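In what follows, a single structure is set out as structure tokens and then discussed.
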Amino acid sequence: MSKDSAQSRCPGCGLVMPAGNAIPYTGYFNASAECWSVFTEVAGREFSNAILFGQVHQLSVDAYAVQHAGGRHPDKSVDIHLAGLCLILDRGVAPTAVAPRLQALASAISDWPHLEPPAIAWRQTIFDVAVADDHIAAVREWSAGVWEAWSPQRDRVTALLRALD
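In my numbering, the protein residues as written are 439 to 603.
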């Protein structure tokens, strides 16, 4: 295989990208450098547009985080981001109101359970958001699919959120 045809497969979401054209990545998400590079492009787009930031940035961060569970990704992080998806998608909390609740949750719980990631082939990844014509609709569809894949853990996530009651 020539260097030009080398491929990278993300261990978290399965995204296949040409290898080597990525920003360095040493974070704890279970992601390839190439997948992380796509996420940073999407996040940059959201940070530079107040409407995108307000409507879907929290969903993007939470969906990406839990789609890349496993590896060195700590249970606390996975649980917090699942709670974010639950607050927005199940409870209808405005995305801009989620971060303070997640901060309170992080302070309220000291023992974070391990929630087993779904063993599936993901239908959508951050790449689908990056190339979408309608960014908001793409994030909403992708994040809903990610949350649905985690549905076997929904009761445990809901139990974690009781710490906020």
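Quick reminder that beta carbons are idealized off the backbone N, C-alpha and C, glycines included.
All of these numbers come straight from a predicted model, not from anything done at the bench.
Check: Fully enclosed by the stretch 442 to 469, which beta strand (DSSP E) runs are 3 residues long or longer?; Outcome: 445 to 447 and 454 to 456
Check: Tell me which same chain residues have a C-beta within less than 7 Å of the C-beta of residue 522, skipping the five on either side of it?; Outcome: 496, 500, 536 and 540
Check: Using alpha carbons as the reference points, say which of 587, 476, 559 and 465 lies closest to residue 455.; Outcome: 476
Check: Taking DSSP as the reference, what is the three-state secondary structure of residue 554?; Outcome: coil
Check: Mapping DSSP to helix, strand and coil, what is residue 518?; Outcome: helix
Check: Helix, strand or coil: which one does DSSP assign to residue 572?; Outcome: coil
Check: Could you tell me the alpha carbon to alpha carbon distance between residue 585 and residue 458, rounded to whole angstroms?; Outcome: 30 Å
Check: Going by C-alpha distance, which of 498, 513 and 594 is nearest residue 482?; Outcome: 498
Check: Just tell me which of 443, 449, 542 and 534 has its CA closest to the CA of residue 503.; Outcome: 449
Check: Taking 7 Å as the limit between beta carbons, can you name the residues of its chain near residue 506, skipping five residues before and five after?; Outcome: 450, 451, 467, 468 and 469
Check: How many angstroms separate the CA atom of residue 478 from the CA atom of residue 472?; Outcome: 10 Å
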